[in-house]
Amino acid sequence: MPKYYIGTAGWSYKDWVPNFYPKNQSTKFDWLQFYSRYFNCVEVNSTYYAYLSPKIVEGWIRKVSDNVDFIFHVKLHQDFTHKRKYDEQNVKAVRYNLDLLAKAERLGGLLIQFPYSFPYDNSATQFIQDLKDIFPNYKNFVEVRHSSWQNKKAFDFFKQANLTFCTIDQPQIEQAISFEPIIINDKAYIRFHGRNIEAWKNSINNFSKKQSYEERSERYKYLYSPGELIEIEQKIKSIQKKVKEVHIITNNHPQGDAVANAFELIHLLEEKDKVEVPNTIVKAYPRLQEISVN
Amino acid sequence: MRTIFHLDLDAFFVSVERILDPSLRGKPVIVGGDPKFGRGVVAACSYEARAYGLHSAMPIRTAYRLCPHGIYIHGSHGEYSRFSRAVKNILLQYAPLVQQASIDEFYMDFTGCRNVYGSLFTFASYLQREIWKKLSLPCSIGIGSNKTIAKIGSDCLKPNGITYILPGMEKEFLAPMPVESIPGVGKVTLKDLHSKGIYKIGDIAELPQDYFAAAYGKYGIDLYRKACGKGGEYLTFIHEQKSISHERTFADVTSKKFLKEKLFKLTGKVCQELRDKNWFTSSVNIKLRYSDFKTLTRSRKIKPTDDDKIIFDAAWNMLMKACTRRVAVRLIGIGLSKFSKFSEQEELFEWEEIKRRKMLRAVTIIRDKYGYESVVFGTAETDKKLQIMVNPFRVNS
Numbered sequence: 003m004p005k006y007y008i009g010t011a012g013w014s015y016k017d018w019v020p021n022f023y024p025k026n027q028s029t030k031f032d033w034l035q036f037y038s039r040y041f042n043c044v045e046v047n048s049t050y051y052a053y054l055s056p057k058i059v060e061g062w063i064r065k066v067s068d069n070v071d072f073i074f075h076v077k078l079h080q081d082f083t084h085k086r087k088y089d090e091q092n093v094k095a096v097r098y099n100l101d102l103l104a105k106a107e108r109l110g111g112l113l114i115q116f117p118y119s120f121p122y123d124n125s126a127t128q129f130i131q132d133l134k135d136i137f138p139n140y141k142n143f144v145e146v147r148h149s150s151w152q153n154k155k156a157f158d159f160f161k162q163a164n165l166t167f168c169t170i171d172q173p174q175i176e177q178a179i180s181f182e183p184i185i186i187n188d189k190a191y192i193r194f195h196g197r198n199i200e201a202w203k204n205s206i207n208n209f210s211k212k213q214s215y216e217e218r219s220e221r222y223k224y225l226y227s228p229g230e231l232i233e234i235e236q237k238i239k240s241i242q243k244k245v246k247e248v249h250i251i252t253n254n255h256p257q258g259d260a261v262a263n264a265f266e267l268i269h270l271l272e273e274k275d276k277v278e279v280p281n282t283i284v285k286a287y288p289r290l291q292e293i294s295v296n
Numbered sequence: 175m176r177t178i179f180h181l182d183l184d185a186f187f188v189s190v191e192r193i194l195d196p197s198l199r200g201k202p203v204i205v206g207g208d209p210k211f212g213r214g215v216v217a218a219c220s221y222e223a224r225a226y227g228l229h230s231a232m233p234i235r236t237a238y239r240l241c242p243h244g245i246y247i248h249g250s251h252g253e254y255s256r257f258s259r260a261v262k263n264i265l266l267q268y269a270p271l272v273q274q275a276s277i278d279e280f281y282m283d284f285t286g287c288r289n290v291y292g293s294l295f296t297f298a299s300y301l302q303r304e305i306w307k308k309l310s311l312p313c314s315i316g317i318g319s320n321k322t323i324a325k326i327g328s329d330c331l332k333p334n335g336i337t338y339i340l341p342g343m344e345k346e347f348l349a350p351m352p353v354e355s356i357p358g359v360g361k362v363t364l365k366d367l368h369s370k371g372i373y374k375i376g377d378i379a380e381l382p383q384d385y386f387a388a389a390y391g392k393y394g395i396d397l398y399r400k401a402c403g404k405g406g407e408y409l410t411f412i413h414e415q416k417s418i419s420h421e422r423t424f425a426d427v428t429s430k431k432f433l434k435e436k437l438f439k440l441t442g443k444v445c446q447e448l449r450d451k452n453w454f455t456s457s458v459n460i461k462l463r464y465s466d467f468k469t470l471t472r473s474r475k476i477k478p479t480d481d482d483k484i485i486f487d488a489a490w491n492m493l494m495k496a497c498t499r500r501v502a503v504r505l506i507g508i509g510l511s512k513f514s515k516f517s518e519q520e521e522l523f524e525w526e527e528i529k530r531r532k533m534l535r536a537v538t539i540i541r542d543k544y545g546y547e548s549v550v551f552g553t554a555e556t557d558k559k560l561q562i563m564v565n566p567f568r569v570n571s
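Heads up: the protein sequence lines correspond to chains C and X, in order.
Its first residue numbered 3, the first sequence is counted upward by one per residue in our numbering.
Its first residue numbered 175, the second sequence is counted upward by one per residue in our numbering.
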């Protein structure tokens, strides 16, 4: 069995109280510290929006100190992947934080996520190759969302560049890439965006509008059903012999659905009969009772 | 001598509902129509509900009268298909051949596998545990030298049972069982057999085969063979199907109304098959043969669908355009191809379509359980009586 790293995309969501983080917390209570008691990895999404101060990163490292296994996957800033305009300064800022995490042995890898509007062609592969050359010393996970990438030439490019091709589960609209694990090297990186088709379509229409947190996250509102999780489990198990590490990130974060599904995936994939889960989540998602240690 | 396993998931729909909502455990749960509206039949019920005399295919109204405290659920068909596929995936890891007979029934051919798996009985219980461990689904397994005996076997110790009918012991095993244990013996046959003084399977086997041939024709011979412990020894299945088609030949026809009715029926059949497989089609083909054997085929691309109405409209349109000669028609056929997998993308459809899709899905469930004829559609032209008629008495007949 490969090593499984299963966690969520981000940990700092106010609507995870009280479904995951308990209500009436003391002032000392820290979300990341609480989170790291239950999971062995997290994807950092704030790095996509801002170049964070190293002080913040050092804080994270301290907070997860109780879990020796814990790693961070860092999402590359949107300047690189969406605006596709970056300079030396930007590169240095990203590298600094990555190196901080790497030195503390807390770095999983660098997630380079491109939007749906980034289809496969030669300039696209060249762009990715350039990024790879800028960040050569990290495990690079590349996520593309357009189905034009699902072709042999594209996979060959990934092989030659030794980049992990992220497997994603997203609403199947138009040319959206489908959930089909492609193994390039000894790692798999799998992200779950939910299957909320209607909201996903709305979000495309409202792309440039200013929206509240609730409006923005609506498209990720989705709880995977037990049957869907079983299908996912079987699909992942079918590739698990080919890889050494499997990283799984649930991004269906509103109200904590991502947390509930992540616990269920730990139960299924790591073949743990019972999983350590907090009481808060069992209360919010009664079906977790079945897999809870308590 | 072959070794066939028949695996039947116990109260499958209910078992899945209990995974979705663990609070349903130990309670009488009924999946099917809505008792408040009094329509529909019981698609599945838990063993707790069976204690009240409920059984599959019973009108939901009757069920409600017998068990008003039961928990009535409409059912989540997409989820049943997912679990059914998951079971099949597990079986495929062990069985050289797997034939899915319905959403909750599988035949497996383990001929010659004794050296690999050791005692078949122990192996069956391992399979049972594996499915329980991985999917929390209970099942019963019958092991026999052919499909019929294996199926009867899986049915005789439910739930969680394993029955191994030793080769050569088939006749003796069946003899004391009531005749309705034979798959395919429904209410009508049962009544008729009783009127002839035949109650046990052994009663059939004792009589000469000719008697059944005379009384029931081909069906009688088949019945006799089953009673003697014989049955199909080979699994049937299709390798990666590229198209689904049905055609009918008639004595030369000129009536458009007649053609429309026939095409409608053929469409119903191909669509049911399509939905059974959880596929969508995006290409409809028709075939038209005139009485002089001149044959035409036409094909049209459509938006991926599994809806009879859309497919029928496209096919009828094409047929009418193609049928320009003033010559009688000898054959018509409809075919579907270019399949994609069904996914629960209801939001993509208009509200009216959602309603139809729900209806079609319900029809698919009922037909899967009780046979194609249990629900039939009607066109405006067909007999009024036929308009979406649920016929619970066709069950097992």
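Just so you know, even glycine gets a beta-carbon here, dropped at the ideal spot from N, CA and C.
Source: prediction; values computed, not measured.
Which term fits T282 (chain C), buried or exposed, when burial requires 16 or more other beta carbons within 10 angstroms of its beta carbon?
buried
Using a Cβ-Cβ distance under 8 Å, would N263 (chain X) count as near chain C?
yes
Might you give, ordered along the chain, the residues of its own chain that have their beta carbon closer than 7 Å to the beta carbon of D377 (chain X), omitting 5 neighbours on each side?
none
Kindly indicate the opening and closing residues of the beta strand (DSSP E) around Q154 (chain X).
In the structure as shown, chain X starts at 175 and stops at 571, and residue 154 (chain X) therefore has no counterpart that could be examined.
Going residue by residue through the stretch 437 to 516 of chain X, where are the continuous beta strand (DSSP E) segments of at least 3 residues, counting only ones entirely within it?
453 to 464, 469 to 479 and 503 to 515
Could you tell me which chain X residues have their CB closer than 7 Å to the CB of P228 (chain C), listed as they occur along the chain?
I193 and L194
How do the stretch 64 to 78 of chain C and the stretch 116 to 129 of chain C stand: do at least 3 beta-carbon pairs fall below 8 Å, yes or no?
no
Within 10 angstroms of its Cβ, does P382 (chain X) collect 16 or more other Cβ (buried), or is it exposed?
exposed
Please name the residues in the stretch 227 to 258 of chain C whose beta-carbon is closer than 7 Å to at least one beta-carbon of chain X, in chain order.
S227, P228, G229, E230, I232, E233 and Q236
According to DSSP, is C330 (chain X) helix, strand or coil?
helix
E292 (chain C) touches chain D at which residues, Cβ-Cβ below 9 Å?
Annotation note: the requested chain D is absent from the structure, which comprises protein chains C and X.
Should M3 (chain C) be flagged as near chain X, meaning a C-beta pair shorter than 8 Å?
no
Extract the residue ranges of the alpha helix (DSSP H) inside the stretch 222 to 301 of chain X, only unbroken runs of 4 or more that lie entirely within it.
234 to 240, 251 to 266 and 288 to 291
Using a Cβ-Cβ cutoff of less than 8 Å, which residues in the same chain neighbour I476 (chain X) once the five nearest sequence positions on both sides are dropped?
Within the same chain, I476 (chain X) has close Cβ partners T455, S456, S457, V458, I484, I485 and A488.
Report all residues from its chain with a CB closer than 7 Å to the CB of Q561 (chain X); omit the five preceding and five following residues, and keep chain order.
Caution applies to Q561 (chain X), whose pLDDT of 47 falls short of 50 and renders its modelled position unreliable; the value that the coordinates give is listed next. Contacts found: G552.
Output, in chain order, the set of chain X residues within a Cβ distance shorter than 9 Å of R289 (chain C).
The answer, in chain order, is I193, L194, D195 and P196.
Near I234 (chain X), which residues of its chain fall below 8 Å by C-beta distance, leaving aside the five closest residues on each side in sequence?
I204, G206, G207, D208, P209, G212, R213, G214, V215, V216 and Y246
Check each residue of the stretch 235 to 253 of chain X: if its Cβ is closer than 9 Å to any Cβ of chain C, include it; give the result in chain order.
S250, G252 and E253
Check the C-beta distance from L265 (chain X) over to I232 (chain C) and give it rounded, since I have them as a contact under 8 Å.
Contact flag wrong, Cβ pair sits at about 14 Å.
Could you confirm whether any beta carbon from chain C is found closer than 8 Å to the beta carbon of R256 (chain X)?
yes
Near K436 (chain X), what residues of its chain come up, given a Cβ to Cβ distance below 7 Å and the 5 sequence neighbours on each side ignored?
R422 and I506
Excluding the 5 residues preceding and the 5 following R472 (chain X) in the sequence, name in chain order all residues of the same chain whose CB lies nearer than 6 Å to its CB.
I460, M492 and A496
Can M351 (chain X) and K374 (chain X) be called in contact, C-beta distance under 8 Å?
yes
Since I believe N253 (chain C) is in contact with F194 (chain C) (beta carbons under 8 Å), could you give me their beta-carbon distance rounded to a whole number of angstroms?
6 Å
Can you give me the Cβ contacts of R463 (chain X) inside the same chain, cut-off strictly under 6 Å, excluding the 5 residues immediately before and after it?
T469, R504 and L505
Can you find a C-beta in chain C that's less than 8 Å from the C-beta of A260 (chain X)?
yes
Which parts of the stretch 169 to 224 of chain C are runs of the beta strand (DSSP E), unbroken and 3 residues or longer, counting only runs that do not cross its ends?
If we require 3 residues or more, the beta strand (DSSP E) runs fully inside the stretch 169 to 224 of chain C come out as 169 to 171 and 189 to 194.
Taking DSSP's pairing of strands, which residues face G111 (chain C) in a bridge?
Paired residues: C:H75.
Below 7 Å CB to CB, which residues in the same chain sit around Y15 (chain C) once its five sequence neighbours on both sides are set aside?
H255
Which residue's Cα is closest to the Cα of P173 (chain C): C:Y50, C:K223, C:Q128 and C:S214?
For the options C:Y50, C:K223, C:Q128 and C:S214, the alpha carbon positioned closest to that of P173 (chain C) is the one of C:K223.
Locate the alpha helix (DSSP H) running through T49 (chain C), then write down its first and last residues.
S48 to Y51
Note down the Cα distance separating L409 (chain X) from I336 (chain X), rounded to an integer number of angstroms.
20 Å
Going by Cα to Cα distance, which pick from X:S250, X:H248 and X:M282 is closest to N263 (chain X)?
X:M282
Tell me the residue span of the beta strand (DSSP E) that contains K5 (chain C).
K5 to T10
Tell me the DSSP secondary structure of G316 (chain X) in three-state form.
Collapsing the DSSP output to three states places G316 (chain X) in a strand.
Closest to K276 (chain C) by C-alpha separation, out of X:D184, X:V188 and X:K307, would be which residue?
X:K307
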